[in-house]
Every structure is written in structure tokens, then in C-alpha cells.
Amino acid sequence: MTSATVNEYGGKLRGVNLGGWLVLEKWITPSLFAGLRATDETSYCAELGEVEATRRLHRHWDTFITRDDFAWLARAGVNAVRLPIGHWLFGKDYPYHRAYGEARYPFVEGGVAIVDRVFRWAEECGLRVLLDLHAAPGCQNGFDNGGILDVCEWHTKEEYIEHSLDVLEKLAQRYGSQPALHGIQVLNEPSWDIPTELLKRYTAEAYHRIRRHCPAERTTVVFHDGFRDFREYAGFLQAPEFRNVAIDIHRYQCFVRSDLDLDIFGHIRMSAGELREEAATIVRESGYRVYCGEWSLGLDMKVVSLWAEGPFNHALEAMDEFQMAAALRGFAAAQLLAFEQCDGWFFWTYRTETTPEWSYRDCVDQGIIPDLGRPEQMAGIRAMLARAK
12 MTSATVNEYG
22 GKLRGVNLGG
32 WLVLEKWITP
42 SLFAGLRATD
52 ETSYCAELGE
62 VEATRRLHRH
72 WDTFITRDDF
82 AWLARAGVNA
92 VRLPIGHWLF
102 GKDYPYHRAY
112 GEARYPFVEG
122 GVAIVDRVFR
132 WAEECGLRVL
142 LDLHAAPGCQ
152 NGFDNGGILD
162 VCEWHTKEEY
172 IEHSLDVLEK
182 LAQRYGSQPA
192 LHGIQVLNEP
202 SWDIPTELLK
212 RYTAEAYHRI
222 RRHCPAERTT
232 VVFHDGFRDF
242 REYAGFLQAP
252 EFRNVAIDIH
262 RYQCFVRSDL
272 DLDIFGHIRM
282 SAGELREEAA
292 TIVRESGYRV
302 YCGEWSLGLD
312 MKVVSLWAEG
322 PFNHALEAMD
332 EFQMAAALRG
342 FAAAQLLAFE
352 QCDGWFFWTY
362 RTETTPEWSY
372 RDCVDQGIIP
382 DLGRPEQMAG
392 IRAMLARAK
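Residue numbers for the sequence shown follow my numbering, so the first one is 12 and each next one is one higher.
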């Protein structure tokens with residue numbers, strides 16, 4: 012199945028992730044964690060207690076991203092947002108984990124109202140929404156973004172898996188009729204250590220749960236590749252029995268030693284060569300819609316990793332300000348060209364407090380990523396292309 016075929020379910024998505032909002036990550040919003048031992052949302056809520064955690068997170072939810080941000084995204088030519096959510100979204104019905112300590116239900120309630128707002132703002136601003144189960148009970152990857160750092164036990168208890176499925180069905184039931192809903196992602200970044208067959212069983216059941224409320228004509232069901240070759244899913248969830256299914260790949264260049272050792276030219280070559288060819292192959296051969304659900308301009312693991320150790324050979328070291336700006340523009344352009352082959356891409360993330368190379372808004376404001384919403388800028392690009400012909 013080619014990309015042209017799967018596009019019957021909608022045009023290309025050019026989007027951003029709304030990270031650090033309903034699922035905390037310390038590196039995105041370090042101010043929230045100031046003075047605390049906490050390293051993730053679980054320890055944050057457990058350390059502060061219900062009253063104080065509720066006060067702080069409700070203020071964060073109301074201020075970190077607002078309707079003005081959705082309006083800015085629309086003006087900037089973005090047409091979709093990927094919204095990470097935690098398994099605790101619907102209140103005190105989730106299984107216990109020892110990381111909660113004495114608090115049976117540590118997580119702050121009220122996030123559903125924020126998701127409701129997202130759909131209202133998205134419809135008003137002409138954006139599509141991809142809901143993403145980002146943090147599952149027991150944690151599916153051991154990352155802070157999975158809710159519990161250094162724990163990966165989601166796949167070890169049936170109650171964790173069943174609760175995840177229940178959350179997906181509740182999402183489908185509540186938001187399935189929303190005009191702005193594009194899709195539901197069944198699980199973000201399950202660990203490479205989780206057996207592929209278990210992930211397939213879970214994903215197939217998730218598909219059926221979602222389809223009870225969201226027909227294929229309206230809603231895409233998305234699954235992450237689990238950090239493995241797409242060929243491991245050969246024949247899985249294919250038409251005609253299964254329709255409007257997308258595979259999600261995440262591509263960063265700052266977490267593997269060999270990537271960290273590259274200079275900027277190596278990163279650009281990787282983006283324009285290896286990643287471009289890989290994206291084209293997955294689009295051509297997988298039989299799914301293909302999304303690059305996360306990518307960034309991050310080049311230094313220290314910025315985002317609580318477990319990172321040095322030393323680091325930063326790709327931009329020894330460059331002056333002009334050279335760094337040119338390097339980041341080239342790096343952004345090479346990745347955009349690679350991922351434009353997919354049915355959609357989502358930059359990670361929309362906003363950060365201290366790391367502009369991970370902030371889409373900062374990158375657009377600084378001219379590193381093109382502002383798709385500026386007619387004069389796009390007209391200039393089209394004129395250049397016409398002259399080149």
C-alpha cells in the first residue's frame with residue numbers, strides 16, 4: 012500500500028507535541044520541580060501530596076498552554092497537535108503501584124477538563140488532535156515520560172494492560188464525535204524489551220475497543236513501533252479487516268553514543284540520507300499510514316536525560332553564533348525533508364522553559380524552522396523554486 016492510498020483518510024499532518032503539559036517531564040518545566048526530589052509525575056504528586064500537587068498542577072495546566080498558543084500554531088501553519096496523556100486522566104480507578112507509597116491515588120484530578128478545552132480550541136483554530144496514551148500504569152518504558160522513571164512493569168500485570176485498554180475506550184467514547192479528533196495512539200514508546208507478540212495482542216484489542224466508538228472513516232488508530240524494525244509487524248492490522256491504521260516512529264539524534272559523536276555535518280548527512288531512505292521505505296512497504304511522531308533539533312543528551320553521564324562532544328561546539336544558526340537551520344531542513352515523505356510529523360515539543368532547540372515556538376520565532384503561515388515567506392520560497400526550474 013502506498014502513501015497515496017492511505018491518504019484517503021486525510022491530508023498530511025504537520026504538527027507539534029504538547030509535551031510537559033498533562034504528563035510532566037522535568038527537563039521541559041524545571042521550575043515546577045524546583046526544590047523537590049521528584050523526577051517524574053508519580054514522585055511529584057507523591058512528594059507534594061494531594062492538596063499542594065493539585066494547586067500547582069491546576070495552575071500549570073491553566074497557564075502553560077492556552078488558547079492563544081493554539082491560535083499561534085494555526086497562524087504558523089501547523090495543522091495538528093499530539094496530546095500526551097496519562098492513564099490517570101479519568102480519575103481514581105487505576106491500579107496501585109508501589110511507587111505511589113502510602114497514597115492510593117496520588118495523581119491530580121481534573122485533566123479531562125483540559126482535554127475538553129483542547130478539542131474546543133482545536134476546532135476553533137482549525138487544528139486536528141491526536142490523543143496519545145503517553146504514560147501507562149506500571150510504566151511501559153522506564154522513562155520519566157512514562158510516569159515512573161527506571162520502572163518498566165506495564166507488561167507484567169494483566170490489570171495494567173486492561174486499565175490501559177479501558178482508558179483508550181473511554182477516550183474513544185468521550186471524544187469520538189469531536190470534529191477535531193484525528194486519531195488515538197494506543198501507547199507511546201513501549202520498551203524494546205516487551206515481546207512483540209504481547210504488543211500485537213494489546214494493539215489489536217485496542218483497535219477493536221476504539222472502533223466501538225470511532226469508525227475508520229473518521230479516526231486513525233496509531234501504534235508506536237516499539238523501537239523495532241517495522242518488518243516485525245508484517246501482516247499485522249492490515250486491510251481489508253483493519254482500516255486507517257498508522258505506525259509511529261520517533262527519530263532523535265542525541266541518545267546514542269555514535270550520534271553524540273557526530274559533528275553537525277554528520278547529523279545533516281544522517282537526516283538527508285539514512286533517515287530519508289528509511290522513511291521512504293516504511294511508507295512504501297509497511298502498508299500503514301506513517302507518522303514521525305517525535306523529532307527535534309536536540310543534539311545534546313545532557314539537556315533532556317536525568318540519567319546522562321558525560322563527557323559529550325556537542326555537535327555545535329567551537330561554532331560562533333552565526334555558524335550555529337546556519338547549522339540548526341540546515342539540520343531542521345534536512346529532517347523536515349526526510350519526514351515530509353511520511354503522512355505526518357510532530358515536532359517534540361511545542362514549548363520548553365530552557366531548551367529552545369526542543370521548542371517549536373522558539374525555533375519558528377528564531378527563523379530556524381520555516382513559518383508555514385507567512386504568505387510572504389512561502390511566496391519567496393516558491394519564487395526561488397520556480398527560478399531553479
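Beta carbons: idealized from backbone N, C-alpha and C, even for Gly. Just so you know, these numbers come straight off a predicted model, no measurement behind them.
| Asked | Found |
| --- | --- |
| Within the continuous alpha helix (DSSP H) that includes D259, where are the two ends? | Note, D259: premise wrong, no alpha helix (DSSP H); beta strand (DSSP E) at V256 to H261. |
| Pop quiz: H71 and L43 are said to be a contact at Cβ under 8 Å. What is the actual Cβ separation, rounded to whole angstroms? | 6 Å |
| Secondary structure at W359, three-state DSSP: helix, strand or coil? | coil |
| Assuming contact is defined by CB atoms lying nearer than 8 Å, are E164 and G149 in contact in what I supplied? | yes |
| In whole angstroms, what separates the C-alpha of Q334 from that of W99? | 45 Å |
| Going by C-alpha to C-alpha distance, which of R340, V34, F357 and D354 sits closest to D376? | R340 |
| Between D104 and G187, what straight-line distance do the alpha-carbon atoms span, to the nearest angstrom? | 21 Å |
| Judging by CA-CA distance, which residue of Q151, A110, S297 and L94 is the nearest neighbour of T167? | Q151 |
| Assuming contact is defined by CB atoms lying nearer than 8 Å, are T40 and A110 in contact in what I supplied? | no |
| Taking the C-alpha atoms as reference points, what is the distance between R139 and G122? | 19 Å |
| Have a look at F130 and T292 and give me their C-alpha separation to the nearest angstrom. | 34 Å |
| How should S269 be labelled, buried or exposed, when 16 other C-beta atoms within 10 angstroms of its C-beta is the threshold for buried? | exposed |
| Exposed or buried, what is V17 when buried is set at 16 or more other beta-carbons lying within 10 Å of its beta-carbon? | Unreliable placement is indicated for V17, whose pLDDT of 40 sits below 50; the coordinate value is still reported in the next sentence. Classification for V17: buried. |
| Determine the burial state of W306: buried for a count of at least 16 other Cβ atoms within 10 Å of its Cβ, exposed for fewer. | buried |
| Tell me which residue opens and which closes the beta strand (DSSP E) that L142 is part of. | R139 to A146 |
| Please report how far the alpha carbon of I275 lies from the alpha carbon of F342, in whole angstroms. | 8 Å |
| Tell me, please, which residues DSSP counts as bridged to V301. | I258 |
| Express the C-alpha separation of F253 and F234 in angstroms, rounding to a whole number. | 13 Å |
| Within 8 Å (strictly less), CB to CB, does A114 reach chain D? | Here chain D cannot be found, since the structure has a single protein chain. |
| Report back the beta-carbon spacing between Y244 and I258 to the nearest angstrom; my notes put them in contact at under 8 Å. | 7 Å |
| Residues in the same chain with beta-carbon distance under 8 Å from Y171, minus the five sequence neighbours each way, listed in chain order, please. | P106, A147, P148, G149, E164 and W165 |
| Where does G384 sit, in a helix, a strand or coil, going by DSSP? | coil |
| Taking only runs of the beta strand (DSSP E) that begin and end inside the region 69–156, which ones reach a length of at least 3 residues, in chain order? | 91–97 and 139–146 |
| Less than 8 Å between the CB atoms is what I'm expecting for D143 and R93, so what's the real figure, rounded? | 5 Å |
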